[in-house]
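Notes for the one structure printed next.
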Amino acid sequence: MDLYIFNTKTREKEKFKPQKPPWVGLYTCGPTVYDYAHIGNMRAYVFSDILRRVLEFNNFKIRHVMNITDVGHLVSDADEGEDKVVLEARKQKKTPYEIAEFYTDVFFRHSAKLNIKDPTIACKATDHIQEMIDFVKVLVDNGYAYEISDGIYFDISTFPNYGQLSGIDLEEQREGARVEVNPEKRHPADFALWKKAPKNHIMQWPSPWGMGYPGWHIECSAMGLKYLDAFFDIHTGGVDHIPIHHENEIAQNWGFKGREIVKYWVHSEFLQVDGGKMAKSLGNFYTLDDIEEKGYDPIAFRYFLLNAHYRKKVNFTWEALQGAQKAIERLTEHVLKFKEAPPMEGGEPGLEGYRKSFKEAVNDDLNVPRAIALIWDILRGEEPSQDYYQFLLECDRVLGLGLAEMEKKGEEEISEEIRELIERREEARKKRNWAEADSIRDQLLEKGIRLMDTPEGVRWEKIKGGENND
RNA sequence: GGCGGCAUAGCCAAGUGGCUAAGGCGGAGGACUGCAAAUCCUCUAUUCCCCAGUUCGAAUCUGGGUGCCGCCUCCA
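Reminder that position 209 of the first sequence reads as 208 in numbering that gives the first Met the number 0, one-by-one numbering, no gaps.
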């Protein structure tokens, strides 16, 4: 069955054909490690994770490269302002390397909690200064770049297709631009490949053009080519990167190689909060830590994201997250019933149909919402059997919800105090002292423990989320 | 100001020309229970922002309107 992916470049779903099957070269624009990644950032990485998993599901072998931007990303993409990491270092009175290391660790911690697979190669910009210098040198030598007083700039007039990815007409864009342009630049959209460093700049390296530091866009080209080169199939990122970052990348790749390097450009839409933009200034800027602090499982957030298609804006609300939390809990319960069920004699007759539908869904430009609906059809519509359980685990290779590790409620850790309360209630129940039993139950409920009396005895669960929303 | 996208039940959302408009959450009723919870069963959009049009047939295509959002400026 063929896999179809929407290519931003052609604005069409295209049949996916890697250049060197079974290998697939996948490059993901990684984080700029100057601050905590927020849940909107994380959507992009859950998306690239799903893409990777679907590729693996289709039996491709993946080399997944992700950059860690720890230098060169200025406060403005128009090559203005300060380096983000350096700025934060000054604020916190630390070195840029300390800042980068700290936020890189946080990023991978959050990724792990969301069951995002680690990239095959995670590469830091500062570890590839030489590669970037070499890249820029070639561009200069071949006449695609020029030097001015503050750095080396790419000359976009050498690349007639500039703007093709985003469908932008440069002349029109110029009208609305509110950025002051560097008067030395030949064209306002020319972008920095290498910046010359002022003496006191903390991060700087020797180069043919004196001490300096790389422009932001060059790292993806240099590292992408270094690690993927001849099988650079897919490049992912958020939609915000289409207009500047990825256009620039295409342009400089062209200058370097004389051809396009990337075959498929795939971009994920933004996550919105309460129907609008997420921004620190609006007070709706959340991180995964915030989600956990409110009592939700990170995996509930993953489930929430999987419920919507990656090319559509998704609207984050606490109510929706609560729904996702509840859904993943119920899903767990169902899955466990299937886990314990025996195999079906002669196999499940309906299984192949589900298998086909599942693959059709995910291979149709990653239609994960449809795939999840299918999971529910099995969970609610079919008798539990080991055959279906094995199939669910198969599906989870794509979904990454951690179905295999799911545990029964009532097996979580609880404090001694809670345990005693539960025992006291059991005694009261034996004496048919309902008033006391119910009062203890209410007490536990306030402590976030919900009791369930079953024929096999009492079970409990910690209540997730919901109780302390906003 | 320029460019683009979206509008499906209380909420999150699939579906882009034709079987009864997926799925989840929430809600209602019932079974079960000492009562609950969990679970199970049933129900929960005659209709897809509005108005025209194309078509045998449209949530899906076209035109107009309204609303929201994004980008062009930091951001995934």
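From the three backbone atoms N, C-alpha and C, an ideal C-beta is built for every residue, glycine too.
Here the structure is a predicted model, which means the values were calculated and not measured.
- At the C-beta level, residue 371 and residue 306 come within 8 Å of one another.
- When the beta-carbon positions are compared, residue 16 and residue 364 stay at least 8 Å from each other.
- Linking residue 429 to residue 294 through their CA atoms gives a straight-line distance of about 33 Å.
- By the Cβ criterion, the region 215-231 is in contact with the region 126-137, since at least three pairs of Cβ atoms, one from each stretch, lie closer than 8 Å.
- When DSSP states are grouped into helix, strand and coil, residue 148 belongs to the coil group.
- Here residue 60 is near residue 23, since their CB atoms are less than 8 Å apart.
- A direct Cα-to-Cα measurement between residue 377 and residue 387 gives close to 8 Å.
- When DSSP states are grouped into helix, strand and coil, residue 254 belongs to the helix group.
- Counting only unbroken stretches of 3 or more residues, the beta strand (DSSP E) elements lying wholly within the region 58-121 are 60-67, 73-75 and 79-82, in sequence order.
- Within the same chain, and ignoring the five residues on either side of residue 94 in sequence, the residues whose Cβ sits closer than 7 Å to its Cβ are 88.
- Where residue 375 is concerned, the enclosing alpha helix (DSSP H) starts and stops at 367-380.
- Excluding the 5 residues flanking it on each side, residue 190 has same chain C-beta neighbours closer than 7 Å at 78, 152, 153, 214, 216 and 247, in chain order.
- For residue 460, the beta-bridge partners assigned by DSSP are 449.
- In the three-state DSSP reduction, residue 270 falls in the strand class (E or B).
- The continuous stretches of alpha helix (DSSP H) do not include residue 306, and DSSP gives it neither H nor E.
- Across the structure, residue 257 and residue 346 are spaced so that their CA atoms are roughly 55 Å apart.
- Under DSSP, residue 213 forms a beta bridge with 193.
- Excluding the 5 residues flanking it on each side, residue 331 has same chain C-beta neighbours closer than 7 Å at 405, in chain order.
- Distance from the CA of residue 185 to the CA of residue 81, rounded to the nearest whole angstrom, comes to 22 Å.
- Going by C-alpha positions, residue 263 is about 6 Å away from residue 232.
- Beta-bridge partners of residue 399 (DSSP): none assigned.
- Taking the Cα positions, residue 193 is about 25 Å away from residue 238.
- Taken atom to atom, the span from the alpha-carbon of residue 328 to that of residue 45 is near 20 Å.
- By the neighbour-count criterion, in which a residue is buried when 16 or more other Cβ atoms sit within 10 angstroms of its Cβ, residue 66 is buried.
- Separation of the CB atoms of residue 32 and residue 69 is rounded to 6 Å, and the pair is thereby assigned contact status at 8 Å.
- Annotated three-state conformation of residue 391 is helix, per DSSP.
- Checking the DSSP bridge columns, you'll see residue 13 partnered with 4.
- Relative to residue 111, the option among 41, 443 and 137 whose CA is nearest is 41.
- Burial state of residue 30 is buried, judged by a 10 Å Cβ sphere holding 16 or more other Cβ atoms.
- A buried status is given to residue 358, since no fewer than 16 other beta-carbon atoms sit within 10 Å of its beta-carbon.
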